[in-house]
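J.: So the protein sequences, as listed, match chains A and B. Here the first sequence is numbered in this note's numbering, starting from -9 and rising by one per residue. Here the second sequence is numbered in this note's numbering, starting from 2 and rising by one per residue. Supplied in structure tokens, the structure appears directly below.
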Amino acid sequence: DGGITQSPKYLFRKEGQNVTLSCEQNLNHDAMYWYRQDPGQGLRLIYYSQIVNDFQKGDIAEGYSVSREKKESFPLTVTSAQKNPTAFYLCASSMSGQVSYEQYFGPGTRLTVT
Amino acid sequence: KNQVEQSPQSLIILEGKNCTLQCNYTVSPFSNLRWYKQDTGRGPVSLTIMTFSENTKSNGRYTATLDADTKQSSLHITASQLSDSASYICVVSARSSYKLIFGSGTRLLVRP
């Protein structure tokens, strides 16, 4: 059963704590992405990785960090420096980083920070 | 500035009726345009993807059109079903770019 998995589906944290969101894919895709979705807004790119051991900042990278040590995994850490971390986080992957390729999305993680 | 605007923001229709969602974009140079369906609390799922040379593309009861001259696209849903209730997101990409530009979506509610 191929696809993208994100865990957990819901995550609750206290303000000031770092939290790591998991994203795994078994599609053998080279490129992976993290997006943030807020009500009434389009998805915004946080970080992306076109190949293992390489990643680039997106539009809203401040307060977030990522790693890409394995092709199938692209975890996102939301640090205490992120001023408004409560949101729905979506991970995606594509065969290549070129925009002509389809991006496949995971089911998302809803993070609530109080 | 590369932007994608969708209208209406929300729409309520009766089951069995047709509807059309609109997307206007200012992304340049244009590469492709996609429509995604996103159920509440889930990840988006691709419906169609169109390049510059394609005017129409269908996926079951969903038909997308593209007018690259006016930079407009529409998504037509035929004979709506309750399961069509979702947000529909228009996404445009520019050539030589790594990034997709997302619209804020149209929230569709189909009532019995």
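Built from N, CA and C at the ideal position, the CB exists for glycine as well. A quick note: this is a predicted structure, and the numbers were derived from the prediction, not measured.
Enumerate in chain order the residues of its own chain whose CB-to-CB distance from valine 56 of chain A is below 6 Å, with the five nearest sequence positions on each side excluded.
T.: Tyr37, Phe45 and Leu66
J.: May I ask you to list the residues that DSSP assigns as paired with threonine 67 of chain A?
T.: A:Thr10 and A:Ser55
J.: Measure the CB-CB distance between glutamine 31 of chain A and serine 88 of chain B and report whether it falls below 9 Å.
T.: no
J.: Quick one: what's got a C-beta closer than 7 Å to asparagine 33 of chain B's C-beta in the same chain, skipping five residues either side?
T.: Ile50, Met51, Thr52 and Ser94
J.: Tell me the rounded alpha-carbon separation between valine 28 of chain B and tyrosine 91 of chain A.
T.: Roughly 17 Å between the two C-alpha positions.
J.: What in chain B is Cβ-close to tyrosine 37 of chain A, meaning under 9 Å?
T.: In chain order: nothing, as chain B lies at least about 12 Å away.
J.: Going by alpha carbons, who is nearest to isoleucine 102 of chain B out of B:Val92, B:Leu110 and B:Val111?
T.: Considering only alpha carbons, the answer is B:Val92.
J.: Going by CA-CA distance only, name the one from A:Asp20, A:Leu33 and A:Ala21 that's closest to glycine 98 of chain A.
T.: Proximity to glycine 98 of chain A across A:Asp20, A:Leu33 and A:Ala21 peaks at A:Leu33, based on C-alpha coordinates.
J.: Could you tell me the alpha carbon to alpha carbon distance between glutamate 5 of chain A and leucine 101 of chain A, rounded to whole angstroms?
T.: 12 Å
J.: Does the stretch 40 to 54 of chain A touch the stretch 6 to 21 of chain B, meaning 3 or more C-beta pairs lie closer than 8 Å?
T.: no
J.: Assuming phenylalanine 53 of chain B is part of the beta strand (DSSP E), what are its boundary residues?
T.: Unbroken run through phenylalanine 53 of chain B: none, as it is neither H nor E.
J.: For serine 12 of chain A and tyrosine 79 of chain A, what's the separation of their Cα atoms in angstroms?
T.: 10 Å
J.: With distances taken from CA atoms, which of A:Gln72, A:Gly(-7) and A:Thr10 is nearest tyrosine 0 of chain A?
T.: Measuring from the Cα of tyrosine 0 of chain A, the nearest candidate turns out to be A:Thr10.
J.: Let me make sure I understand the geometry here. Which of A:Tyr94, A:Gln88 and A:Tyr25 has the alpha-carbon closest to that of proline 75 of chain A?
T.: A:Tyr25
J.: Under the three-state reduction of DSSP, which class applies to leucine 125 of chain A: helix, strand or coil?
T.: Outside the displayed span of chain A (-9 to 104) sits residue 125 of chain A, for which this structure offers no information.
J.: For chain A, find out if any of its Cβ atoms is closer than 9 Å to the Cβ of threonine 52 of chain B; answer yes or no.
T.: yes
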